[in-house]
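**Student:** Under numbering that gives the first Met the number 0, the first residue of the sequence shown is numbered 0, with each subsequent residue one higher. Where is the CB? At the ideal position from N, CA and C, for every residue including glycine. Quick caveat: nothing in here was measured; it's all calculated off a predicted structure. Sharing a structure below in structure tokens format, with a few things to ask.
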Amino acid sequence: MSDQNRLKTISGALVVLLAILTVGAAIWILLSPAQTVKDQTWERIQQDGLMRVGMDASYPPFEFFDQEGNLVGFDVDLARELAGGFGVNVDFVIISFDGLYDALRIRRVDLILSALPLDPRLTEDVTYSHPYFNAGQVLAVREDDAEVTCVDDLAARKVGVEWGSMGDVEARQLLRRMEFELFPYPSPEEALAALSSDEIDAVIVDTVSVYQSCNQGNGIKIVGPPVTDDPYVIATLLGSYVLQERLNESILEMSASGYLDQLRVKWF
């Protein structure tokens with residue numbers, strides 16, 4: 000299976016997540032007072048010709064410094080593409096992950112783009128974009144396995160998970176309706192290694208770990224729809240209406256054009 004076909008398995012789940020967030024945004028607009036929309040963040044970006052992106056550069060392949068000291072990664076390319084579409088330059092403001100939201104609130108940055116999971120608890124003062132990547136749990140098998148195509152095919156199989164992960168939780172839920180052997184491992188890498196060496200028949204682990212294993216030529220493929228969803232999104236301050244609209248439009252265009260899939264192939 001080619002990289003492009005393998006990635007289509009994950010891309011479908013983003014459509015549902017995009018729809019949910021779009022409906023939420025529409026409801027907010029309908030309930031807002033009728034007035035001219037003013038976006039202080041967008042106005043500053045356009046006036047200065049600069050979009051300030053908060054990022055924790057310690058999470059390859061999304062954002063990290065290469066051996067030459069250059070900031071590179073999936074999110075770095077995405078931020079540059081977004082800024083280019085807005086007709087402005089990009090300034091990467093490197094901040095520890097724990098400090099990203101505080102930097103956004105005091106307007107030190109215009110947005111956060113840093114493999115950021117959607118957190119519904121923060122929506123009182125933060126708005127999230129459409130998802131651009133689904134880092135949820137997926138089902139993976141060896142490339143020569145034509146029998147397991149989804150979780151319903153796991154009966155009587157040996158299934159590996161990362162102990163304590165969402166994949167572990169989902170697998171234990173599956174055990175309530177079918178019988179298979181569950182093998183917990185200390186890490187997703189160890190579970191994937193066991194799959195590659197034919198010790199087990201399938202794994203339920205996070206998307207990023209599987210992509211990285213596939214990139215190493217370990218003879219593994221993703222099958223079926225995502226088992227869980229863990230969308231990565233872009234955060235802006237509540238009230239950044241124009242910026243959020245432009246971000247969402249751009250993400251939809253990048254998804255439709257195949258650009259997001261190209262980034263996945265490049266970085267995984």
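May I have the straight-line CA-CA distance separating Ser-113 from Val-209, to the nearest angstrom?
**Tutor:** Numbered from its first residue, the sequence shown carries residue 113 at position 114. Numbered from its first residue, the sequence shown carries residue 209 at position 210. Ser-113 and Val-209: Cα-Cα distance of roughly 20 Å.
**Student:** Which residue's Cα is closest to the Cα of Met-98: Leu-110, Val-89, Asp-90, Val-71?
**Tutor:** The sequence position of residue 98 within the sequence shown is 99, counting from 1. Checking the sequence shown, residue 98 turns out to be Gly, not Met. Ranking Leu-110, Val-89, Asp-90, Val-71 by Cα distance to Gly-98 puts Leu-110 first.
**Student:** Find the nearest neighbour of Val-207 within the set Ser-196, Ile-221, Ile-199, Asp-200, judged by alpha-carbon distance.
**Tutor:** The count along the sequence shown starts at 1 and reaches residue 207 at position 208. When only C-alpha atoms are compared, the closest one is Ile-221.
**Student:** Using the Cβ count rule (16 or more neighbours within 10 Å means buried), how would you classify Glu-252?
**Tutor:** What you label residue 252 is simply residue 253 of the sequence shown in a count that begins at 1. Exposed, since its Cβ has fewer than 16 Cβ neighbours within 10 Å.
**Student:** Strictly by DSSP, which residues pair up with Ile-203?
**Tutor:** Within the sequence shown, numbered from 1, the residue matching residue 203 stands at position 204. DSSP, once it has assigned bridges, lists Leu-138, Val-160 as partnering Ile-203.
**Student:** Tell me the DSSP secondary structure of Asn-247 in three-state form.
**Tutor:** Translated into the one-based positions of the sequence shown, residue 247 becomes position 248. Here Asn-247 sits in helix by DSSP.
**Student:** Please classify Ile-28: is it buried, with 16 or more other beta-carbons within 10 angstroms of its beta-carbon, or exposed?
**Tutor:** Position 29 of the sequence shown, counting from 1, holds the residue named residue 28. Model confidence at Ile-28 stands at a pLDDT of 49, short of 50, so the residue's coordinates are unreliable; what they give is reported in the following sentence. Within a 10 Å sphere around the beta-carbon of Ile-28 sit fewer than 16 other beta-carbons, which makes this residue exposed.
**Student:** At the level of alpha carbons, what is the spacing between Val-158 and Phe-96?
**Tutor:** Stepping through the sequence shown from its first residue, residue 158 is reached at position 159. Stepping through the sequence shown from its first residue, residue 96 is reached at position 97. For Val-158 and Phe-96, the gap between their C-alpha atoms comes out near 33 Å.
**Student:** What does a CB cutoff of less than 7 Å around Trp-41 pick up in its chain, not counting 5 residues either side in sequence?
**Tutor:** Stepping through the sequence shown from its first residue, residue 41 is reached at position 42. Excluding sequence neighbours, Trp-41 sits near Ser-239, Val-241, Leu-242.
**Student:** Measuring straight from C-alpha to C-alpha, what distance separates Gly-48 and Asp-38?
**Tutor:** Position 49 of the sequence shown, counting from 1, holds the residue named residue 48. Position 39 of the sequence shown, counting from 1, holds the residue named residue 38. So the alpha carbons of these two residues sit roughly 15 Å apart.
**Student:** My understanding is that Met-54 touches Asp-74, with C-beta atoms under 8 Å, so please give their C-beta distance in whole angstroms.
**Tutor:** Taking the sequence shown and counting its residues from 1, one reaches residue 54 at position 55. Taking the sequence shown and counting its residues from 1, one reaches residue 74 at position 75. About 7 Å; that satisfies the 8 Å criterion.
**Student:** Which parts of the region 39–99 are runs of the beta strand (DSSP E), unbroken and 3 residues or longer, counting only runs that do not cross its ends?
**Tutor:** 49–54, 88–93
**Student:** Return the bridge partner residues of Ile-111 from the DSSP annotation.
**Tutor:** Here residue 111 refers to the residue found at position 112 of the sequence shown. DSSP, once it has assigned bridges, lists Gly-53, Ala-234 as partnering Ile-111.
**Student:** In angstroms with no decimal places, state the Cα-to-Cα distance between Glu-188 and Ser-196.
**Tutor:** The residue you call residue 188 lines up with position 189 of the sequence shown. The residue you call residue 196 lines up with position 197 of the sequence shown. Cα-Cα distance, rounded: 12 Å.
**Student:** Per DSSP, which one or two residues make a beta bridge with Glu-146?
**Tutor:** The residue labelled residue 146 in the question sits at position 147 within the sequence shown. Glu-146 pairs with nothing; no bridge assigned.
**Student:** Quick one: grab the DSSP three-state call for Asn-214.
**Tutor:** Taking the first residue of the sequence shown as 1, we reach residue 214 at position 215. Reduced to three states, the DSSP call for Asn-214 is helix.
**Student:** To the nearest whole angstrom, what separates the beta carbons of Tyr-258 and Leu-115, a pair I think is in contact under 8 Å?
**Tutor:** If you number the sequence shown from 1, residue 258 lands on position 259. If you number the sequence shown from 1, residue 115 lands on position 116. The Cβ separation is near 19 Å, so there is no contact.
**Student:** Just to confirm before moving on: does the CB-CB distance between Gly-218 and Glu-142 stay below 8 Å?
**Tutor:** Position 219 of the sequence shown, counted from the first residue, corresponds to residue 218. Position 143 of the sequence shown, counted from the first residue, corresponds to residue 142. Closer than 8 Å, so yes.
**Student:** Let me know the secondary structure DSSP gives Lys-220 once reduced to three states.
**Tutor:** In the sequence shown, residue 220 corresponds to position 221, counting from 1. Strand.
**Student:** What is the DSSP secondary structure of Asp-119, counted as helix, strand or coil?
**Tutor:** Residue numbering aside, residue 119 sits at position 120 when the sequence shown is read from its first letter. In the sequence under discussion, the amino acid at residue 119 is Pro, which differs from the Asp named in the question. DSSP places Pro-119 in helix when its eight states are reduced to three.
**Student:** Which of the three DSSP states is assigned to Pro-187 in this structure?
**Tutor:** Taking the sequence shown and counting its residues from 1, the one referred to as residue 187 is at position 188. Helix.
**Student:** Do you know offhand how far Thr-126's Cα is from Leu-246's?
**Tutor:** Position 127 of the sequence shown, counted from the start, is the residue given in the question as residue 126. Position 247 of the sequence shown, counted from the start, is the residue given in the question as residue 246. Between Thr-126 and Leu-246, the C-alpha separation is close to 11 Å.
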